[in-house]
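-6 is the number of the first residue of the sequence shown in our numbering; add one for each residue after it.
Using N, Cα and C, we set each Cβ at its ideal position, and we do this for glycine too.
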Amino acid sequence: MIRSNLSLYMGRDKLKMVDVAEKIGVHRNTISLLYKEEAKRIDLETLEKLCELFNCEVGDMLYIQKEQD
-6 MIRSNLSLYM GRDKLKMVDV AEKIGVHRNT ISLLYKEEAK RIDLETLEKL CELFNCEVGD
54 MLYIQKEQD
């Protein structure tokens, strides 16, 4: 399962979902789905903007968590 560190970065920088959405130019719902790890897909442009905003690499923002049996 692909997981997101968005909540970690938002907490670190003390940003709300609406703040992130406004800064990168996406709908708040997009950020909410990523934050709650309910998103089924992510636009590469959105991912790039998030990484630029939080000064991180794609591998820092997203990671694979192996599912347990």
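**Asked** At which residues does the alpha helix (DSSP H) containing Arg21 begin and terminate?
**Response** It spans Arg21 to Tyr28 - the alpha helix (DSSP H) in which Arg21 sits, taken as one unbroken run.
**Cutoff 6 Å; reference Thr39; Cβ partners in own chain excluding five residues on either side** = Same-chain partners within the cutoff: Val19.
**Asked** In the DSSP assignment, what are the bridge partners of Ile57?
**Response** Its beta-bridge partners are Ile(-5).
**Prompt:** So, Lys(-6) versus Tyr28, is the Cβ gap smaller than 8 Å?
**Reply:** First, the amino acid is wrong: residue -6 is Met here, not Lys. No, the Cβ-Cβ distance between Met(-6) and Tyr28 is not below 8 Å.
**Ile24 to Lys59 span [Cα, whole Å]** = When rounded, the distance between both Cα atoms is 24 Å.
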